[in-house]
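Note sheet for the following structure.
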Amino acid sequence: MIELPIPTETRIIQAARAAGVSISTFLDRLLDEYIEDKADIEQAERALQEPGEISAEELKAKYGL
């Protein structure tokens, strides 16, 4: 078990209750989301490095993003 500062622990408990799930389930889902987001970011960064691809700046200019 890890020890967290009381305010952090309280926020986790409140968020889990608001989501209607146990603390364990809430944290599992939170970690799964984080891992998926991190993988998506890494994949996007690799794609941006591939030659012949449009740069983020060009994409923004072309599509007004």
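Quick note on numbering: the sequence shown equals residues 22 to 86 in the numbering used here.
Yeah, the Cβ is synthetic: ideal placement off N, Cα and C, and Gly gets one too.
To the nearest angstrom, how far is it from the Cα of Glu-78 to the Cα of Gln-35?
Their Cα atoms are separated by approximately 40 Å.
Suppose the cutoff is 8 Å on Cβ atoms and the five residues either side in sequence are ignored; what does the same chain contact list for Leu-86 look like?
Taken in chain order, the residues that qualify are Leu-80.
Please state whether DSSP places Leu-86 in a helix, a strand or coil.
The answer is coil: DSSP assigns Leu-86 none of H, G, I, E or B.
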